Amino acid sequence: MINALMDFIFPRLCHLCQAKLAVHDEYICSKCLTELPRSRFHAINMNGMEQRFAGIFPFSRATGHFFYTRFSPVATLVHDFKYHGFPGLARYLGRVMARELYTTSFFADADVIIPIPMHYWKQAKRGYNQAEMLARGISDITGLPVNNALRARRGHKTQTALSHEKRRSNLEGVFQVKGDIQGRGVLLVDDVCTTGSTIIEAAETLWREGAPKQLTILTLGVTV
1 MINALMDFIF PRLCHLCQAK LAVHDEYICS KCLTELPRSR FHAINMNGME
51 QRFAGIFPFS RATGHFFYTR FSPVATLVHD FKYHGFPGLA RYLGRVMARE
101 LYTTSFFADA DVIIPIPMHY WKQAKRGYNQ AEMLARGISD ITGLPVNNAL
151 RARRGHKTQT ALSHEKRRSN LEGVFQVKGD IQGRGVLLVD DVCTTGSTII
201 EAAETLWREG APKQLTILTL GVTV
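Okay, so the sequence shown: first residue is 1 according to this note's numbering, each after it adds one.
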């Protein structure tokens, strides 16, 4: 009754279409959630995301759950949880991904979830790390623990306007391993994969300093 009253006074609206949410909806209405463009990459061997990492570092599987373009609904959601103060939206989307992948073998090799880290000052300014919120949503469904073993030792410039080569240079040496993950299967989580430069730097750091057993990669969005 209290929830119904609060919804009447302060109606919860869909982040995409602004329609009033049903009682069972969280952040996104059922219609908009259904229409989000799934990549289905988890079911495709050497899919478009895995091709970005092939021959660079070892991994068991990789997928971006939704296709991401600049003005797509997925971009709106990412923008909301990164810049408009909606960490719960990121956690919810982590649960969405995990529920849809849970009945597949995607998480089979994972023992622990490691989110791509933010530098301390940037995270302090934002109040949270959106990749960690996605990871915690995945953990809610899978039961896999979240481990912040990967740290950002320094800040770096925004990647948006940089070429692939400059992105790699911008990120060189930015990460370090500060926890014990030796012999454990790692699920590496980030919000969006574009060129893959951030994931490549993080994965190479994990293999060089952490010695995991296996590495699986999951992002909310992936560019076409």
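Note that CB positions come from ideal geometry on N, CA and C, so glycine has one too.
Here the structure is a predicted model, which is why all the values come from computation and not from measurement.
Which partner residues of residue i appear in the DSSP bridge assignment?
i	result
Cys-193	Val-222
Glu-26	Ile-28
Thr-34	DSSP output for Thr-34 lists no bridge partner at all.
Considering just the uninterrupted stretch of the beta strand (DSSP E) at residue i, what are its terminal residues?
i	result
His-65	61-68
Gln-18	Careful: Gln-18 lies outside any beta strand (DSSP E) and carries neither H nor E.
Val-96	Per DSSP, Val-96 belongs to no beta strand (DSSP E); it is in the alpha helix (DSSP H), 87-102.
Would you report the Cα separation of residue i and residue j, rounded to the nearest angstrom?
i	j	result
Leu-21	His-15	10 Å
Asp-180	Gly-210	7 Å
Arg-208	Arg-52	19 Å
Pro-212	Tyr-102	22 Å
Glu-35	Leu-93	14 Å
Is residue i near residue j, with beta carbons less than 7 Å apart?
i	j	result
Gly-221	Val-174	no
Gly-64	Thr-219	yes
Phe-106	Thr-142	no
Lys-82	Gln-130	yes
Met-133	Ala-98	no
Ala-152	Pro-115	no
Phe-67	Pro-37	yes
Thr-223	Thr-198	no
Asp-255	Arg-95	Residue 255 is absent from the structure shown; the chain starts at 1 and stops at 224.
Following the continuous alpha helix (DSSP H) through residue i, name the residue where it begins and the one where it ends.
i	result
Leu-150	Looking at the DSSP string, Leu-150 is not in any alpha helix (DSSP H); the run it does join, the beta strand (DSSP E), is 150-152.
Phe-53	50-53
Phe-81	73-83
Gln-249	Past the boundaries of the shown model lies residue 249; the chain is included only from 1 to 224, so the question cannot be answered.
**Request:** Could you say if the stretch 101-112 and the stretch 68-82 meet the contact criterion of at least three C-beta pairs nearer than 8 Å?
**Result:** no
**Prompt:** Three or more C-beta pairs closer than 8 Å, one from the stretch 173-190 and one from the stretch 26-35: is that the case here?
**Reply:** no
**Asked** Does the pairing of the stretch 199-207 with the stretch 57-67 give three or more beta-carbon distances under 8 Å?
**Response** yes
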